[in-house]
Structure formats: C-alpha cells, structure tokens
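Numbering (the working numbering), first residue to last: 76 to 428. Shown next, in structure tokens, is the structure this report addresses.
As structure tokens, this is what we get:
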C-alpha cells in the first residue's frame, strides 16, 4: 500500500486524478504480480489490476492491495469502463512506454483527458526497499559464485560460446532464473568490443577474456564484469588492467550520497584520462540496477541526478584498444547514508589462468 500512497501523493503535482501503468516492470513493482499480461489503474481511492482469465487467480494471490478485474473482450474497453467507474477525468499515462499506435487507441476509446507523464514509477523504483536490497545481494552472490567456478573452466581451445553456456548453466544451478542479460564473453582482440556478446571464437593462450554477466533472481538483477588472462597477457594490456582496476577503486572510494551522477562518472574517468586513455573509455561509468539491468541513475558526463541512500548501482570503467584488446571491471554497490557497500565480492586482482 505504501507504493500506491507515494504515487497518489504526486497526483496533484502531475495534474491527474488517475494513473494508467502499462510497463511490465512498473506493473510488477507496483503490484507484486509476476504474470505477463495486465494493466494497472490507480485512482485517488481505488487500485485495480486488469488482466485476462489466465492470470486472475495468480493476480489475486500476488496483488493483494489491488482489486483484480477480468477483461473478457478488448482490454482497452475494460480500461475505459474502469476509468469511468473510478471517476477519473484526467488520466496519466506512461509516455515513455506507449507507442503511437497505442496512444491513438487510447485517444479513440478512453473518455478522459490523457496526460503524459515521464518516469513517475521509475523514480519510485530508484530507492530500493530492504527486501529489494536483499534480493539483489543474493543475485550478486550468485554471480560471485559463478565467477569462482568459471575461472576453473576457462582454458585454451574452448569457444566464447562454451563459456557463455557454462555461465548460464552455473547461475541456474545456483538458484537464478536465468542470466540477467545477454552474456558478454569477448576474448583476444574481441575484448576491445565493449558489448562483444559471445561468439564461436576459440579462446587462445595469451588472450584477455572479458566476462560481463549477472544473475536474474526473483525478478531482480546483478551485473558483474571481470577480465582474466589465459596465459601471460600482452604487456600493454597488463598495464591497462592496472589502470582500470585503480579507476574502479577510485570510483568505489568516492561513491556516496548527494553526488551528481556526473561527479561519480568523473571519479574513474579522470584517472583513466590522466593516464592517457581517455579516448578509449567511451561509455558511462555505471548505472542503476534492479528490476531492469539498466536503470536510473546513469553515471555520465551530462547527468545531474543525485545519488541517494538505497540506490543500487554499478561502477564499470573500461579501456578498449582496437585490434589489441580491452579491459573492463565492474562491481555492484549499495549507496548508504555515509558512503557505499560493495555487493560484488569477487577479487579484482588480475587472474592469469
């Protein structure tokens, strides 16, 4: 009920007397309902979850703060009926999650003024509850345990896809529903690709191998990156590894509440730039995680969003040198009242396999 109250407290500022929630993750956040079909409608006095016959019983069990409404024909017709029933005259909708075609359908069917809103639920999701934090910690622990396994598995002669499959299978064995996103396994010169998803390339002696993966556990996600060497690495990449590791350390040491996201981004970026590799670090220094793998805040040069206690974020500096290779190291952190807590416990020392 607390989430519903927090949303209703914003109605006057948003200029609405009801809110339609269509995004899957926002629906799950507000209701606890894990099914794949449903629309949330919240007015000043009522909270409804509209779904079809497949999910009615599940919704009643999971969405205990909501009246579960069965729609038998077109969903949009039931939405309009419930809007009238709830006396909603100004309906907020999620403009970031509605296609133009859906908006046309809304306009043609809904008998209320449509008011676009942006990231209202996402902003509620910024600060994680105690239960959410414990769930993400479990997801981070699964990723750590998986990394401990995979460094004994990697050897010359297997493919990146072999490693991908082993990472996925191991996380599932440890309790994850699946991987949190498309796993990145990039070896040799391919490690210069920041998002080099696994290929059929054979891992060779001397390769640096970047592993970017995370566990999807009870709806929440972890995100960890480690770069390991298979045999003696190139001296330049060994140097790069040292720089990236120190950049991560500086980011972790400086992360605290009430910092602009751009200031967090600068912590690792300024060090990498001072070492002469600024042009080789082209992505943001980190991001929030939770129900989605990429959430606010986004650590970039241009973001002024402030960090707050209860946010769970990554810091992920990287250096990528075309035709040679790259290094990225990433941890998950919980922003606390006086600093942060590291959720990823895997060593960041260079591991030579």
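Ideal Cβ placement from N, Cα and C applies to all residues, glycine included. Small disclaimer: the values here were computed from a predicted structure and weren't measured.
Of all the options the options, which has the alpha carbon lying nearest to the alpha carbon of residue i?
i	options	result
residue 247	235, 375, 214	214
residue 272	235, 306, 198, 289	235
residue 103	87, 121, 79	79
residue 171	163, 290, 165, 192	192
residue 77	173, 258, 196, 188	196
residue 345	333, 220, 238, 326	326
residue 169	91, 334, 320, 306	91
residue 165	243, 86, 225, 415	86
residue 352	378, 366, 317	317
residue 173	98, 369, 399, 377	98
residue 93	302, 311, 118	118
What are the boundary residues of the alpha helix (DSSP H) that includes residue i?
i	result
residue 83	77-83
residue 142	No alpha helix (DSSP H) contains residue 142, which is instead part of the beta strand (DSSP E) from 142-145.
residue 386	Segment: none, residue 386 is in no alpha helix (DSSP H) and carries neither H nor E.
residue 239	235-248
residue 162	Neither: residue 162 is in no alpha helix (DSSP H) and is coded neither H nor E.
Using a Cβ-Cβ cut-off of 6 Å (strictly less than) and excluding sequence neighbours within five positions of residue i, which residues of its own chain qualify?
i	result
residue 461	Residue 461 lies beyond the stretch modelled for the chain, which goes from 76 to 428, so this question has no answer here.
residue 419	215, 299, 406, 407
residue 203	385, 387
Just grab the DSSP bridge partners of residue i for me.
i	result
residue 117	94, 122
residue 216	Per DSSP, none; premise fails for residue 216.
residue 362	373
residue 335	381
residue 195	Partner(s): none; residue 195 has no beta bridge.
residue 345	Its beta-bridge partners do not exist; DSSP assigns none.
residue 295	292
residue 406	390
residue 301	286
For residue i, collect the residues of the same chain with a Cβ closer than 8 Å to its Cβ; drop the 5 residues on either side in sequence, then sort them by chain order.
i	result
residue 374	336, 337, 339, 340, 359, 360, 361, 362, 388, 390
residue 186	155, 158, 159
Let me know if residue i comes out buried or exposed under the rule of 16 or more other beta-carbons within 10 Å of its beta-carbon.
i	result
residue 255	buried
residue 380	buried
residue 181	buried
residue 134	buried
residue 129	exposed
residue 146	buried
Would you give the residue range spanned by the beta strand (DSSP E) that residue i belongs to?
i	result
residue 165	165-169
residue 262	259-262
I'd like to know if residue i contacts chain D, where contact means its C-beta is closer than 9 Å to some C-beta of that chain.
i	result
residue 233	The chain labelled as chain D is not found in the depicted structure, where only one protein chain is given.
Once you ignore the five residues that flank residue i on each side, which residues in its own chain have a CB closer than 7 Å to its CB?
i	result
residue 394	315, 318, 319, 347, 352, 355, 356, 401, 402
What I want to know is whether the C-beta of residue i ends up closer than 8 Å to one or more non-hydrogen atoms of the ligand HEM.
i	result
residue 188	The ligand HEM is not part of this structure, which contains no ligands at all.
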